Structures are given as C-alpha cells and as structure tokens.
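Undergrad: Protein sequences, first through last, are from chains W and F. Mind the numbering: the first sequence is residues 155 to 603 in the numbering used here, read in order. Mind the numbering: the second sequence is residues 12 to 506 in the numbering used here, read in order.
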Amino acid sequence: MPNTHYFPITSEQRKQMLSDIGVRNFRDLLTGIPSEIVSPNLNLPKPLSELEITQLLTQLAGSNGNANRLPVFAGAGAYEHFIPAAVDAITSRGEFVTAYTPYQAEASQGTLEAMFEFQTMICELTGLDVSNASLYDGATSLAEACLVAANATGRKEILIAETVHPEYREVVATYFKGTGFSIRILPANLEGLINKEAVQKLWSDNIGALVVQSPNFFGLVEDLKGVSNWVHEQGGLLIMTANPIALAYMKSPGEWGADIASGELQPFGIPLSFGGPYAGYFTSTRALMRKIPGRICGETVDTEGACAFTLTLQAREQHIRRERASSNICTNQALCALRATVFLSLMGTSGLRRLAELNMENAYYLREKFAQISGVSIPYKGTIFNEFVFRTKHPAKDFLRSLKSRGFLGGVSLNRWYPDRKNDVLICVTETKNKETVDRFIKAVEESL
Amino acid sequence: MIEPLLYNDSDPGKQGWSLPERGRVPGNFEKNFPAGLRREKAPRLPEVTEPEVVRHFTRLSQKNFSIDTHFYPLGSCTMKYNPKVHESAASIPGFRELHPYTAAEDAQGILQLMFELEKLLSEITGMHDFSLQSAAGAHGEFCGMMLVRAWHESRGDRQRNVVLVPDSSHGTNPASAALYGFKVVEVKSNARGRVDLQKLKQLVDQHTACIMLTNPNTLGLFEEDILKVTRLIHDRGALAYYDGANMNALLGIARPGDMGFDIVHLNLHKTFTTPHGGGGPGAGPVGVTKSLAPFLPIPRVNYDNDRKQYFLNFKGKTPVGRLKAFYGNVGMLVRAYVYIRMLGAEGLKRVSEDAVINANYLKRKLSEVFHDPFGGFCMHEFVLSSRAIGDGKDIHALDIGKRLLDYGFHAPTVHFPLIVPDALMIEPTETESKETLDKFILAMRAIAEEIRNCPEMVKEAPHTLPVRRLDDVRAAREPRVNYFDKKQSDKALHV
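(1) Strictly by DSSP, which residues pair up with I348 (chain W)?
(2) Helix, strand or coil for F495 (chain F)? Go by DSSP, reduced to three states.
(3) Since F495 (chain F) meets chain W, which of its residues come closer than 9 Å, beta carbon to beta carbon?
(4) Going along the chain, which residues of its own chain have a beta-carbon closer than 7 Å to the beta-carbon of D291 (chain W), five neighbours each way excluded?
(5) Give the DSSP-derived three-state secondary structure of G358 (chain F) in the structure shown.
(6) Cα-Cα, which of W:V385, W:L202, W:L347 and W:Q388 is closest to N370 (chain W)?
(7) For the region 385 to 407 of chain W, which residues have a CB atom closer than 8 Å to at least one CB atom of chain F, in sequence order?
(8) Counting along the chain, where does the beta strand (DSSP E) carrying C221 (chain F) start and finish?
(9) Given a threshold of 16 other Cβ atoms within 10 Å of its Cβ, counted over all protein chains shown, does Y314 (chain F) qualify as buried or as exposed?
(10) Can you tell me whether DSSP reads S602 (chain W) as helix, strand or coil?
(11) When we look at the beta-carbon of V484 (chain F) and count the other beta-carbons within 10 Å, is it buried (16 or more) or exposed?
(12) Cα-Cα, which of W:H548, W:T252 and W:E387 is closest to P4 (chain F)?
(13) Which partner residues of V566 (chain W) appear in the DSSP bridge assignment?
(14) Please report the residue range of the alpha helix (DSSP H) in which H245 (chain F) lies.
(15) Would you decide whether R33 (chain F) is buried or exposed? Buried here means 16 or more other CB atoms lie within 10 Å of its CB.
(16) Once DSSP output is grouped into helix, strand and coil, what is the label at L429 (chain F)?
(17) Closer than 9 Å between beta carbons: that is the criterion. Which residues of the region 243 to 261 of chain W meet it against chain F?
(18) From the beta carbon of E134 (chain F), is the nearest beta carbon of chain W less than 7 Å away?
(19) Jot down the residue ranges of each uninterrupted alpha helix (DSSP H) in the region 406 to 472 of chain W, minimum 4 residues, whole runs only, in chain order.
(20) Mapping the DSSP letters down to three states, classify F451 (chain F) as helix, strand or coil.
(21) Bridge partners for V173 (chain F) per DSSP, in chain order?
(22) Below 7 Å on C-beta distance, what does M90 (chain F) contact in chain W?
(23) Among the residues of its own chain, which have a CB less than 6 Å from the CB of V394 (chain F), if the five just before and after it don't count?
(24) Going by C-alpha to C-alpha distance, which of F:D317, F:F420, F:E467 and F:S145 sits closest to R311 (chain F)?
(25) Just how far apart, CA to CA, sit V492 (chain F) and I13 (chain F)?
(26) Taking G148 (chain F) as the query, report the chain W residues whose CB atoms sit under 7 Å from its CB, ordered along the chain.
(27) Checking contacts by CB at 7 Å: is N93 (chain F) closer than that to chain A?
(28) Is the region 236 to 244 of chain W close to the region 484 to 497 of chain W, with three or more CB pairs under 8 Å?
(29) What are the partner residues of E311 (chain W), as DSSP defines its beta bridges?
(30) Taking only the alpha-carbon atoms, compute the straight-line gap between E197 (chain F) and P423 (chain F) and give it to the nearest angstrom.
(31) Any idea what DSSP makes of Y314 (chain F), helix, strand or coil?
(32) Hey, does P466 (chain F) have any beta-carbon neighbour from chain W nearer than 7 Å?
(33) Which residue spans inside the region 379 to 423 of chain F form an unbroken beta strand (DSSP E) run of at least 3?
(34) Roughly how many angstroms separate the alpha carbons of R247 (chain W) and V353 (chain W), rounded to a whole number?
(35) Identify the continuous alpha helix (DSSP H) that holds D283 (chain W) and give its terminal residues.
(36) Use the C-beta contact count for I339 (chain W): other C-beta atoms within 10 angstroms, 16 or more gives buried, fewer gives exposed.
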C-alpha cells in the first residue's frame, strides 16, 4: 500500500474532476505524449512508511563519523561552530522554510526585511557598501567576483594567490572556461603568505584583479598594506575572500581597500552537512553596485508612504535580461542567509568578537603545544586565526588514521591538493573545544607519532 | 504594521549571546596578533537580547506567505507541500554534523545515500548517470553547458557555438548558455504553443551545440514532436538539453531519456519537494546518457567492490571542472532521497497524475472566465491571458496577482512566458485539495467581476497585507540597500 498522506484528492473527487474536465480517465489527458514513451514502468524500491524511512536513515547516519562521535579538528573551508538554539528555532519556522523567492514583495515582507538586515550586517563586517542577498557558497561567490572584476575592468586575466583555497581556485577556473578569461597564479612565499614583489612582477595590463584570501588557506592572516593602492594605480581591482568570524577581529576587506569581498557564510550558524547547503556572501563598493550578481533587497515605500522592502536593481538579472544578464543565478541561499542573520543578531558586535577571541585562544595554545612536540614542526610562523599547518614525520594519511583510532577527526591532509606535501596537515580548532578536549587531542597526537 | 529593524532596538548594554569566558584556554593571541592586522572600526551589528531577536524574526515570519500557510499557484515553480520528515531526516546528527573532509570510511552512510540517489534519479528520468554537485537549477544548466562543449570538443567538433532556446524558455536558459560563452538563438513557438519544427529545421546546422527545452514547456504543453525534435538535433550532430523545471508533470508518465535528451537537470526543490526556503537553498543534479557520463564533474561517488566501500572519486579525466566547493547541497539530497523512498514508483506516478488532474480541472473552470490561448488539455500547469478582460481598464496580470493576495492566495507567475500577453501561469501541484482549488476558482471569478465593476479594487491591491502596493521604481532609482545607507550620495558607510 503506497503512502497517500501527501495527496488530498480522494478517489471520488478524482472521478468528479475528470468528469468536469470532460474525460473518462486520466490517460485521456495525455494526448500529446507519443505512445512509445508514455507510462514507463519505473523500477524503484518499494515505498517505505515514515517510521521505516526514519529508521533506515538513522541507521545510515549512524555509520557516519560526525562531530558528535569524533571531535572535529578539521577546517579547510568548513568549520564546526556553536549554533545557538534560537537559530534553529527561527529558521525551522514553516513561514520561512516553505516560502518562495520574494517576487511578490507584499506577501514576503518577512523574508525581505531579514534580507535587508543580512545585507546591512555583511556590509558592516566586510567594510563595503553593497551586499547581495547571498550566493551558492564561498567558492562560487569568489568565481562570480572574478567575473565581475574581469567584466568591469575589461581585462581578461585575474591574478589569484596560491594561498586561496584550492577548491575555490578550481571553481573560478570552471566559471572562466567559457568566457575567454584566464587565471594567473601568484605564488606564496616561504612564510606561506602572498609574495608582494611577485604581484608587481607578474602584473600586466591584461590583469583585472588580484584575489587574496585571509586568513589564507594555510590559516595565515595576510598583511595587505599598500596592496590595494598599488593594484588600483594599475587600474585593477582587489578581491578579498575571508572567514567571516575572523572579520570580527582582523582588518576588514574595506579597511584594506578591497573592491569586492566574497566568502563563505557557513561559520555563521550553518551546519556542516557534509559540505552543503552553505551560502556565499558578496559585497562590493558602491561603484560596482549595478554590476554585481544575485538578489538585492532594497528599501522603498508603499502607496501610503510606509517603509517597505522589495527586490531591487533587477535589471541585472536573468529573468529580465536573459542572455545579457550579469549572471545566470536565479535564487540566493535565502534560508542559509537567514541562519547567518539570526546568528549575527544574537551575537552582536560583542558576541562575535568574543567568538573570534575564543577561536584564537585555542589556536595559539594548540600551535604553541604542537611546536613543543618532537616529530612535529610548524612550517609557517605567521599570524593565525583558528587554523595552521603542521608537518609530521609520518605521512599525513597514516597519522590521521592513527588519530582517528584514538577518537579524533584530526585535520585535513594537504596532500589532497599538493602532491609534494605528503606530511603536512591543516588543522583547525574552534570555540567548540575546551581545554580538556584540546589537551586530550594533544596527547593523542603525541601517541600517533 | 511595520516591524522595526532590529537595529532600532540596539543598545550596547544588551547581549543576545551566551559564550564561555575568555581565558578558558591559555592561548595568547594578543601578543601574537600585530596591531596593523587588526580591525580599526568594529562592525556595527545589532546589540539585542535573545527574546528580542526571537520575537523580531517570529513577527517577520508572520509577514510571509508560505506553503505551510497558503496556496501558491505559481507556474513552473512547483510550490507543493514540503514534508516535515524531510527536515527531521536532514537534521539527524550523522548527516547534519558531518564534516566534508571526513574520510570515506567514516562517511559510508551519506555516500551510500548519494550513490543510491544517483541511481534513483537515473531510473526516474531514463538517464544513465547523475552528478549531484550543482547547487540549483541554473547551476545545473551551467554544468550542462560545460558538458555540451566538452562532448563536442572531444570529437574535435569545435565550431559549435550556438545554443537554441524556445521563446517560451526560462530566463536562466539563455543566461546560462551566455555565461559559458555560447551564442543564444531563439526558436519561435508555433500557433499551438509548441516548438515550430519547420523553423527549427532551418536553424539547426553545424554551428548548433544544443537545444535547451523544457517539456512540458512553460505553457504546460507537452511537445508532441519531441521525438522528431531530438532526432533532428542528433542527425545534425547537436545535443538535446532537458530543463527539468517541469518534471513534476512526468513522474512515471514519460522520461526525458526516452524522449531522446542527452543531458537533464532536475530541480530537487520543485519536483522532489525540498523546501524553497524563501529563495534557496535548492539543488540541481545533472543526468546524462552513457556517452556523456565520462564528462560528469568530479568528484563522483563510486563503490569499490573489493573493499566493499563507497568513496569519492577525484580521478576522472573530465574537462568539466569543479562546480562548487565540496560535493553539492547534501542536506537537500537527503530530503529528496527520503521523498523518493517513501513514494516509490506508484506514489511518484500519483504525484504527476494528481498534479495534471488538478491543473486541468482549474484550467477548465477558469477558462470560462479568462482567455485560454491554446485550448486543449495541459500537463501540470497552464497559461491564461487576462488581456481581453483587463483591456481598456488598465488592469494587467500583475494586478490580478496582487488582488489574489487579498483573497489569501499567492499570485500565479505573471507576465511569463513572454509570448502570451498578460500571462497568468498557474500550477496547482498535487498537494492541493479540491476544496482549495474550488475556493481559488471563486476568488478568480470574483476578481473578474471586480475588473468589470470596480477595477480600482484590483488596480490598488493589495489592501489587506502588511503593506500596500510597493514602489519598485523608486527602490531601483534611489537604492537604499543597507540600514546605514542614508541616501545615494552617501558613498562610504564606514566614515
């Protein structure tokens, strides 16, 4: 007996409706479908009841080594952070979860006002003027930023620091494939940071933007003093991608003179979920406002002069401009952006700052302890936020397996992206770990060597 | 009633967070973090307490229409009921708290689910294989465009730079093709609202890379010549791309693979009822035929028969690159998997049957009042024109949509597709009851009466919502997109 609990039309009503339509049975409605392809037999597993599917999924999920079972010391673009209960409570409300994109503004003031608050908070964090209502994730947001920069400057190349997340660089390359734009890589120096002299050496008049990440992929905070001035003098733009919690403490893209900031919102109350759904943020200077992709919410008035919110600057978008749109993007990641909005509303300026400080306390403590462990070295000594690289005397793969057997998800092997870095591990520690857990972890590391 | 922005209640003396004390772990960042790398100006976030935050957002939620509260006859958007078990399933800690770089041996549950979902979607659509990476429909289209080019180039066929789209297509189709550097050429519809086969024959040549089709199309009409269309396309060396936005009409009814499509994207947030979330997140998996499967983006989810283990395979030789960080909107994949496993073949078929019956019932009843430009039966949606009824009164489809809000119904998709003047595009879905449909019919009849007798009721709608009709022109002319944004001339926010 299949499940019928989603189907309100009774069999009596069905007969009545078919008769009102003027046909005898359902098949009579399928006049246009060629007979050789109509009504295939789908070979699918038998339907399960809600109880059975819940049991099946609980069993499947039980074979996963989630953060509940294995404390996570892995980061690399996805971070385990504390999520206040109010975030889940608000964002599980059906009025948010099951609403459509706010095209009918009068019937979507809730979603729209939250978007306006989101845009305000993200502008504040990044120190820039205009924010969209979010994109798919940090990587696609960076790719869109590169497209905007290339189009805005009329130049065909983008200079991307090697210290940008490798998967982000791959996504930029993907987005560039059909456009005729290309990427030039800015190598890192021996400290794991961007090489500012190399920026000047590699620069050419074909380059529209420099892309940097901070904290960069190796966890290091970049010093961008003088960079934006120089890039702007060459007629280029500066794009910065940054961990958004770090923005509570470190210099913002706007303060560094960046033209576009893009990045991942996952640390703001969005669960890990094996990599998605997350959301990307995207902010720019006012000068680029009419060139940026994605939904933007703006304030306006109704016919009685009352303040209200609506999607605006839609002349950029695909549903108006079709093939001449600034991007093909249709929706944003509204519910994920709402999670970030509620999260930031709870944290406020002081809470986000405390959160950043707790991350740094843990990271500096862990790095100092690691530096004292024989068999481990710290290749980069620079300023960090909640991640750093360490080198073991064993291949990272074996080391991590050994840590796993001691009950920890112990970091990410850089070998995944850098074939010559077999012994390097990128490790992350967030506010979710107290001293006891960190110390237990250090002990497990020592035993794994 | 206006709900003030949270910023209005902000006060530095308030705190909405509860976090551990500083100094819990003795790491000294202050000594190590140079002053020159620190922020000079603190971000202005609202400083409010938890009850204020909860009340604010709860009140905001009450200003929304949603599927949980309203009927959304929104054509091509498939706004159907989103089962609650989907939400609880995606929240099981083993899924929700799983880091994307967890080793495969500790992610067997989720990898198995993804592996099986690829198979289920392949069976439902008649395709050979699926990639689950794309984050949304438009992202899936973008992936599809890359597959098209990669396939042609692998055959040394490099001059194919044209993508054909019907004039009734979704805006994302031409935008996705253009984003990937294709030239977009529009195919006119014939008088019956279908692709004009004769005109198509004149357009397809050695430069055609692919045709992008939605079937049933955005008029809710099945492309009767579909087998001829795909044969023509293939005979001339091009590919056929299926935009799955309207797949809700076809579960167990007809499969894109059997129609001759080479590439398919599905909108899991439509047909497979993962929630729309006020505009995302969605998911847009891409399916392909056997000859295109080697081009699917990496990583792929594979099964190692020797080790009896699922794993992410990064080793493909595809020229199609990575589409996003990590592996896709996994949380949405869990929801879609639950839906398919709970309904099975019979249940999925019921989805499309009821969706088609509901649409034809509404079409039949409403065409007594509004002009039905194409006649005949529709699939899961249909398009009426309000031109005749609103003509001379300056009433347009948009106004009717706004007036419907007063009657407690979300507006249909209006003024789309572009080929029907004053289009009202209506898709009821299978999860609406006959009682709701009948109330909707009454509302539409009442509005038609109002247009005749008191058109200003319609022109000035909505009357009963939290706000009256909005001034969209003003919003775009003097954009205020940020609370601290005073006016257009105010360049910098952080001064």
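Think of the CB as a built atom: it goes at the ideal place given N, C-alpha and C, for glycine as much as any other residue. As the structure is a prediction and not an experimental result, all values here were calculated from the model.
TA: Once the coordinates are examined:
(1) For I348 (chain W), which the question treats as bridged, DSSP gives the partners W:A342.
(2) Look at F495 (chain F) here: in three-state DSSP terms it is coil, with no helix or strand label.
(3) What F495 (chain F) touches in chain W: T274, C277 and E278.
(4) Cβ neighbours of D291 (chain W) within its own chain (closer than 7 Å, five residues either side excluded): E418, G430, Y432, A433 and G434.
(5) Shown here, G358 (chain F) sits in a helix according to DSSP, grouped into three states.
(6) Among W:V385, W:L202, W:L347 and W:Q388, the Cα nearest to that of N370 (chain W) is on W:L347.
(7) For the region 385 to 407 of chain W, the residues whose beta carbon sits under 8 Å from a beta carbon of chain F are, in order, L401, A402, Y403, M404, K405 and S406.
(8) From DSSP, the beta strand (DSSP E) with C221 (chain F) extends over T219 to T225.
(9) Classification for Y314 (chain F): exposed.
(10) Helix.
(11) With fewer than 16 other Cβ atoms from the protein chains shown falling within 10 Å of its own Cβ, V484 (chain F) counts as exposed.
(12) One cannot answer for residue 4 (chain F) here, as it falls past the ends of chain F, which runs 12 to 506.
(13) Under DSSP, V566 (chain W) takes part in a beta bridge, and its partners are W:L580.
(14) That run of the alpha helix (DSSP H) goes I237 to D246.
(15) By the C-beta density criterion, R33 (chain F) is exposed, having fewer than 16 other C-beta atoms within 10 angstroms.
(16) Residue state, collapsed to three classes: coil.
(17) Listed by position, the residues of the region 243 to 261 of chain W near chain F (Cβ gap below 9 Å) are A243, I244, T245, S246, R247, G248, E249, F250, V251, T252, A253, Y254, T255, P256, Y257, Q258, A259, E260 and A261.
(18) Among the CB atoms of chain W, one or more fall inside 7 Å of the CB of E134 (chain F).
(19) Counting whole runs of 4 or more residues, the region 406 to 472 of chain W contains the alpha helix (DSSP H) stretches 407 to 410.
(20) Residue state, collapsed to three classes: helix.
(21) Its beta-bridge partners are F:K194 and F:T219.
(22) Among the residues of chain W, those whose CB is under 7 Å from the CB of M90 (chain F) are Y254, following chain order.
(23) L230, V431, A434 and M436, listed in sequence order.
(24) Considering only F:D317, F:F420, F:E467 and F:S145, the residue with the shortest C-alpha distance to R311 (chain F) is F:S145.
(25) V492 (chain F) and I13 (chain F) have their alpha carbons spaced roughly 18 Å apart.
(26) Those within 7 Å of G148 (chain F) in chain W are C484.
(27) The structure shown has no chain A; the protein chains it does contain are W and F.
(28) In short, these stretches touch, since the Cβ pair count reaches three.
(29) W:S336 and W:I361.
(30) Taking the straight line joining both Cα atoms gives about 25 Å.
(31) Y314 (chain F) falls in the strand class under three-state DSSP.
(32) Output row for P466 (chain F): interface = no.
(33) Taking 3 residues as the minimum length, the beta strand (DSSP E) runs contained wholly in the region 379 to 423 of chain F are 393 to 396, in order along the chain.
(34) If I take the Cα positions, the gap works out to 49 Å.
(35) First-last for D283 (chain W): undefined, no H or E at that position.
(36) Exposed, by the Cβ-count rule.
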